[in-house]
Each structure stands twice: as structure tokens, then as C-alpha cells.
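The structure appears right after this line, and notes come after that.
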Amino acid sequence: MLTTRYVYFSLNQLKWQSTPDAGVSKFWYDALGRLVVSQNAQQNDGTSATSTTDPQYFSYTAFDNLGRISEVGELQTDEYTDANVTSAIAASNVPGTWADSKRQITKTQYDTPLLTGGASPFGTDGQNYLRFRVADVTIDEDGDDIYEYSTHYSYDIHGSVIYLIQDNPTLTGKGEQFKKLKYEYDLISGNVKKVSYQ
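Structural data, given as C-alpha cells:
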């Protein structure tokens, strides 16, 4: 018989689970009850959970001051202990100083544009109506603080996306870095009635 087991905190949050097909997964939360660090069986290299010399990988989530998800990714550390993870979370220091490196980072920027001036593919109008909305999403695969891909948004006064631009810097030399989608909406229903590409 195959058995799945779960362990919960007193606040009824999942702390640990073991499933026949996915192995052991562990979860850590911040003081507000938000999941900020987790580790699945694939990220664990199979060594002792108390080892402080073998590399360990974790998924993490960081939040901005308004509680919105600002960054997710994977971090690696050679100094893994439950106490290190817990103390880093308590100090609002995720991914924290205990992380040796990060990778597969997705950052979400709100309210202000990432690209401005001559670098903006939106031209002189820039990105509009960004307040409390996603302005840009970037993907940094190798953790070098230079994104490989990104998506930029501009909205109309109703909060509907009117321009979506895919940004691939590796195609800059070919003049194909930006690909633009334009949306037009029905004024009465708000449904999309036209999408233009480039």
C-alpha cells in the first residue's frame, strides 16, 4: 500500500509532506503566514537533512511592502539547517545571507516602468496607468542580475492591457528585441475585439 503523510503546524499550515511519487517536501512560512521557502525531493540532494556541508536547493518567494509577490526563484546554500532557514525568514532576509547563489529568478515590478527614456519600446508615451498594476516581469535564468526575457505592460484608463511587449535582449543585434501586441476592446462589454501583432 502506498501512503501519503502530512505534518502541520498548530496554525494548520503544511510543514512537511511525503508522497509515494514526489518524495519529501518541506515548507517554511513568515510571521504573516505566507509561504516563503520550500524544498522538494528533487531539490534535496539526498544527504542528511542536518548536513551543513552538502549543497541544498530551495524555492523562495519574496514580497514587496504591500504584500505583493515581487520575486520567486531557486537558491542554493552549503549551510543548510532548519535554524538557518527559520532565522533568515524571521529577519525578513529571504533569500538571505545563508544563500550562496540564486537562479531561475522571476521578478515582478509594479507601479513604475523598468525601461525608460530611449530604452523604452513604448516610445515617448511610455507605459501608462501602472499604479497598483504589474509594469514588468523579468526572467533571470542564471542569477547574474541581467534578465534573459521580460514582458512589459501598458494599460488604458479602465485597467485593461492595451500594449504588451515581449523583450528578448539576445535578439538585439538582429533588431528583433521587442515584439509588440496591441489590444482593442469593445467599449460596452469590455471584451477584446482586435489583437494586432507588430
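So the mapping is simple: the numbering used here equals the position in the sequence shown, first residue as 1, plus 939. Just so it is clear, CB atoms sit at the ideal spot from N, CA and C, and this is done for glycine as well.
Skipping 5 residues on each side, what residues in its chain have a beta carbon closer than 6 Å to that of residue i?
i            : result
residue 1135 : 1121
residue 1079 : 1044, 1086
residue 955  : 946, 965
residue 1014 : 997, 999, 1034, 1038, 1041
residue 962  : 980
residue 1003 : 1009
residue 1123 : 1132, 1133
residue 1069 : 1050
Tell whether a beta-carbon distance below 8 Å holds between residue i and residue j.
i            : j            : result
residue 1012 : residue 1045 : yes
residue 1091 : residue 1066 : yes
residue 1104 : residue 1118 : yes
residue 981  : residue 997  : no
residue 964  : residue 978  : yes
residue 953  : residue 972  : no
On the three-state DSSP scale, how would you describe residue i?
i            : result
residue 1124 : strand
residue 1024 : helix
residue 1083 : coil
residue 989  : Model confidence at residue 989 stands at a pLDDT of 49, short of 50, so the residue's coordinates are unreliable and nothing is read from them.
residue 942  : coil
residue 1051 : coil
residue 1095 : coil
residue 1029 : helix
residue 1036 : coil
residue 1003 : coil
residue 1110 : helix
residue 957  : strand
Short of 8 Å in beta carbon distance, which residues of its chain neighbour residue i, apart from the five on each side in sequence? Order them along the chain.
i            : result
residue 1001 : 975, 1008, 1009, 1010, 1011, 1033, 1034
residue 1072 : 1049, 1050, 1092, 1094, 1098
residue 959  : 941, 942, 943
Since residue i contacts residue j with CB under 8 Å, what's their CB separation in whole angstroms?
i            : j            : result
residue 1016 : residue 995  : 6 Å
residue 1053 : residue 1075 : 4 Å
residue 1037 : residue 1030 : No, residue 1037 and residue 1030 are not in contact; Cβ-Cβ is about 10 Å, not under 8 Å.
residue 967  : residue 1055 : The Cβ separation is near 37 Å, so there is no contact.
residue 1064 : residue 1088 : The Cβ separation is near 23 Å, so there is no contact.
Any C-beta of chain C sitting closer than 8 Å to the C-beta of residue i?
i            : result
residue 1078 : Here chain C cannot be found, since the structure has a single protein chain.
Residue i lies in the beta strand (DSSP E); which residues open and close that run?
i            : result
residue 1059 : Neither: residue 1059 is in no beta strand (DSSP E) and is coded neither H nor E.
residue 966  : 962-968
residue 1012 : 1008-1016
residue 977  : 974-978
residue 949  : First-last for residue 949: undefined, no H or E at that position.
residue 1136 : 1131-1136
Excluding five sequence neighbours on each side, which residues of the same chain lie with their C-beta closer than 7 Å to the C-beta of residue i?
i            : result
residue 1125 : 1132
residue 1081 : 1042
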